[in-house]
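> Be aware that the sequence shown starts at 41, since it is given in the numbering used here, and climbs by one per residue.
Think of the CB as a built atom: it goes at the ideal place given N, C-alpha and C, for glycine as much as any other residue.
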Amino acid sequence: ANAPVNITVTGAAGNIGYALLFRIASGALLGPDQRVNLRLLEIPQAVKAAEGTAMELFDSAFSTLGSVDIFDDPKQAFEGANIAFLVGSMPRRAGMERSDLLSANGGIFGPQGEALAAGAADDIKVLVVGNPANTNALIAASHAGDIPASRFTAMTRLDHNRALAQLAAKAGCHVSDIDKVAIWGNHSSTQYPDLTHATIKGEPITDILADREWVENDFIPTVAKRGAAIIEARGASSAASAASAAIDHVRDWCLGTTSAWTSAAVMSDGSYGVPEGVISSFPCTAENGEWKIVQGLEIDDFSRAKIDASAAELVDEKNAVAGMGLI
Ligand code: NDP
41 ANAPVNITVT
51 GAAGNIGYAL
61 LFRIASGALL
71 GPDQRVNLRL
81 LEIPQAVKAA
91 EGTAMELFDS
101 AFSTLGSVDI
111 FDDPKQAFEG
121 ANIAFLVGSM
131 PRRAGMERSD
141 LLSANGGIFG
151 PQGEALAAGA
161 ADDIKVLVVG
171 NPANTNALIA
181 ASHAGDIPAS
191 RFTAMTRLDH
201 NRALAQLAAK
211 AGCHVSDIDK
221 VAIWGNHSST
231 QYPDLTHATI
241 KGEPITDILA
251 DREWVENDFI
261 PTVAKRGAAI
271 IEARGASSAA
281 SAASAAIDHV
291 RDWCLGTTSA
301 WTSAAVMSDG
311 SYGVPEGVIS
321 SFPCTAENGE
331 WKIVQGLEID
341 DFSRAKIDAS
351 AAELVDEKNA
361 VAGMGLI
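Put into structure tokens, the structure is as follows:
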């Protein structure tokens, strides 16, 4: 059997953590033959709740689960980590200034980047889920010493999956019939869910794309504002679907993408005019444990403006954290 894979999850006692840990432990991430050791990081006040979750993991008697350890110190939590899900963050609260939000997250993701550099395994792969995810990932990457920036990613897979689900409902097909949907930019309301290249059973979606009213005034805002709609309906933010998307992202990163491409926020190399040095969503493939931005796609004027606007927001966020000395 393979050696166990060490997986650190931060914010482990939160809503997303609660859904995510059971999926990882049950083999949904790396398959039925790969044992996983879970390392849970929480702030001191939430350690007790994390202990309760660990009891339930223990009680589930998963054949793929090795150990579960709980920490309130990032240095210990990331020791030997092969994979890190950074879920815990300081989300925006009503009345909070942007500078407060960014500095609170600088205080979380800077030290986590340092702790990863100090102790994580050479093959460490990091997915940031906690918002503002793209910029939090940038902060962690910039504190992570020798770890290549390509190992720091942020999650836009839930936006991608939401786009698949919306298109499937519109077209009356199954999500598995769809390929080549892309999310560009920031995981925020400026994200651009792009159907230009989408196919259903290998065929272009010409008629749906021609319905600009639906694409621009229904599809795009529905995907971008889905989180608020879930809160309205459920009385709590999406958690299981976010956890499921996190599983999809890291599974594809480790085992390879099986569709033409998916969406992931990775360090920009300047592709498609997105400035180098911001962590932006692109259509990506994963092979041999590395993300690659899909190259050579034609970008029409509508897409150009949307991609540029979201990239500009990422540059603004980067400049703000740079100005505060957080990167
Ligand atoms: P959740 O588990 O619901 O959310 C965690 C993070 O994920 C938030 O930043 C949230 O951002 C983001 N998120 C939520 N929904 C989505 C989505 N649909 N797509 C993408 N991202 C999403 O929050 P809880 O408050 O339940 O749990 C957070 C936990 O983290 C707490 O237990 C807290 O103690 C812990 N924490 C741990 C830290 C650490 O380990 N060092 C540091 C800070 C907190 P948004 O709110 O914008 O949706």
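From this set, Ile-319, Phe-102 and Gly-313, which residue's C-alpha is nearest Asn-77's C-alpha?
Counted from its first residue, the sequence shown places residue 77 at position 37. Ranking Ile-319, Phe-102 and Gly-313 by Cα distance to Asn-77 puts Phe-102 first.
> Would you mind listing the beta strand (DSSP E) stretches within the region 72-137 that are 3+ residues and don't spill past its ends, in chain order?
If we require 3 residues or more, the beta strand (DSSP E) runs fully inside the region 72-137 come out as 76-81, 105-111 and 123-126.
> Do the region 296-308 and the region 316-335 make contact, defined as three or more Cβ pairs closer than 8 Å?
Counting Cβ pairs under 8 Å, three or more are found: they touch.
> Report, in whole angstroms, the separation of the C-beta atoms of Val-169 and Leu-126, which I expect to be a contact under 8 Å.
On the sequence shown, residue 169 is found 129 positions in, with the first residue counted as 1. On the sequence shown, residue 126 is found 86 positions in, with the first residue counted as 1. The pair is a contact, with the Cβ atoms about 7 Å apart (cut-off 8 Å).
> From this set, Ala-211, Gly-153, Asp-109 and Ala-173, which residue's C-alpha is nearest Pro-244's C-alpha?
Counting from one through the sequence shown, the residue named residue 244 turns up at place 204. Taking only the C-alpha atoms, the option nearest Pro-244 is Ala-211.
> Unbroken beta strand (DSSP E) runs of length 3 or more, entirely within the region 158-185: which are they?
The qualifying runs are 165-168.
> Can you give me the Cβ contacts of Leu-271 inside the same chain, cut-off strictly under 6 Å, excluding the 5 residues immediately before and after it?
Looking up residue 271 in the sequence shown gives position 231. It should be pointed out that residue 271 corresponds to Ile in this sequence rather than to Leu. The residues are Ser-277.
> What are the start and end residues of the beta strand (DSSP E) that includes Asn-46?
Within the sequence shown, residue 46 is the residue found at index 6, counting from 1. Run containing Asn-46: 45-50, per the beta strand (DSSP E) assignment.
> When you measure from the CB of Thr-239 to every non-hydrogen atom of ligand 1, does any distance come out below 7 Å?
Within the sequence shown, residue 239 is the residue found at index 199, counting from 1. Checking the Cβ of Thr-239 against ligand 1 gives no.
> Would you check if the distance between the CB atom of Thr-175 and the CB atom of Val-361 is smaller than 8 Å?
On the sequence shown, residue 175 is found 135 positions in, with the first residue counted as 1. On the sequence shown, residue 361 is found 321 positions in, with the first residue counted as 1. Their beta carbons are under 8 Å apart, which means Thr-175 touches Val-361 by this criterion.
> Using C-beta distances below 7 Å, list every residue in its chain close to Val-215, excluding the 5 sequence neighbours before and after it, in chain order.
In the sequence shown, residue 215 corresponds to position 175, counting from 1. So the qualifying residues of the chain are Leu-204, Ala-205 and Ala-208.
> Using only the heavy atoms of ligand 1, determine whether one of them is closer than 7 Å to the beta carbon of Ser-129.
Indexing the sequence shown from 1 puts residue 129 at position 89. Yes, ligand 1 has a heavy atom inside 7 Å of this Cβ.
> Check each candidate in Gly-296, Ser-321 and Thr-298 and name the one with the smallest Cα separation from Met-307.
Counted from its first residue, the sequence shown places residue 307 at position 267. Nearest option by C-alpha distance: Ser-321.
> Cβ of Ile-347 within 8 Å of Cβ of Tyr-232?
Numbered from 1 along the sequence shown, position 307 holds the residue referred to as residue 347. Numbered from 1 along the sequence shown, position 192 holds the residue referred to as residue 232. Yes.
> Just checking my contact of Met-364 with Ser-139 at CB under 8 Å: how many whole Å lie between their CB atoms?
On the sequence shown, residue 364 is found 324 positions in, with the first residue counted as 1. On the sequence shown, residue 139 is found 99 positions in, with the first residue counted as 1. So it is a contact: roughly 7 Å between Cβ atoms.
> Under DSSP, the beta strand (DSSP E) around Ser-321 begins and ends at which residues?
For the purposes of this step, residue 321 is identified with residue 281 of the sequence shown, where counting begins at 1. Counting along the chain, the beta strand (DSSP E) containing Ser-321 begins and ends at 319-327.
> Indicate the three-state DSSP secondary structure (helix, strand or coil) for Pro-25 in the structure shown.
Since the first residue of the chain shown is 41 and the last is 367, residue 25 is not available in this structure.
> Figure out for me which residue from Gln-85, Ser-190, Pro-72 and Ala-286 has the closest Cα to the Cα of Ile-319.
By one-based count along the sequence shown, residue 319 stands at place 279. Per the Cα distances, Ser-190.
> What does the Cβ neighbour count give for Pro-315, buried or exposed, with the cut at 16 atoms within 10 Å?
Here residue 315 corresponds to residue number 275 of the sequence shown, with the count starting at 1. Flag for Pro-315 reads exposed.
> Can you grab the Cα-Cα spacing for the pair Glu-137 / Ala-144, in whole Å?
Along the sequence shown, one-based indexing puts residue 137 at 97. Along the sequence shown, one-based indexing puts residue 144 at 104. C-alpha separation (whole angstroms): 11 Å.
> Identify whether Trp-254 lies in helix, strand or coil by the three-state DSSP scheme.
On the sequence shown, position 214 is the one that residue 254 refers to. It is helical.
> Taking three-plus beta-carbon pairs below 8 Å as touching, is the region 41-53 in contact with the region 84-94?
Judged by Cβ distances under 8 Å, the region 41-53 makes contact with the region 84-94, as three or more pairs qualify.
> Compute the distance between the beta-carbons of Ile-187 and Leu-167, then report whether it is under 8 Å.
Taking the sequence shown and counting its residues from 1, one reaches residue 187 at position 147. Taking the sequence shown and counting its residues from 1, one reaches residue 167 at position 127. Against a cut-off of 8 Å, the Cβ pair of Leu-167 and Ile-187 comes out as no contact.
> Determine the contact status of His-237 and Ala-250, defining contact as a CB-CB distance below 8 Å.
Taking the sequence shown and counting its residues from 1, the one referred to as residue 237 is at position 197. Taking the sequence shown and counting its residues from 1, the one referred to as residue 250 is at position 210. In this structure, Ala-250 does not lie closer than 8 Å to His-237 by Cβ.
> Starting from Tyr-232 and walking both ways along the beta strand (DSSP E), at which residues does that stretch end?
Position 192 of the sequence shown, counted from the first residue, corresponds to residue 232. Run containing Tyr-232: 232-234, per the beta strand (DSSP E) assignment.
> I'd like to check one pair, Cys-294 with Leu-70: are the Cβ atoms closer than 8 Å?
One-based indexing of the sequence shown puts residue 70 at position 30. One-based indexing of the sequence shown puts residue 294 at position 254. In this structure, Cys-294 lies closer than 8 Å to Leu-70 by Cβ.
> Tell me the residue span of the alpha helix (DSSP H) that contains Ile-187.
Looking up residue 187 in the sequence shown gives position 147. Note, Ile-187: premise wrong, no alpha helix (DSSP H); not H, not E.
> Looking at C-alpha atoms only, which residue of Ser-350, Gly-296, Phe-98 and Asp-99 is the closest neighbour of Trp-331?
Walking along the sequence shown from the start, residue 331 turns up at place 291. For the residues Ser-350, Gly-296, Phe-98 and Asp-99, the minimum Cα distance to Trp-331 belongs to Gly-296.
> What is the DSSP secondary structure of Glu-330, counted as helix, strand or coil?
Translated into positions along the sequence shown, residue 330 becomes position 290. It is a strand residue.
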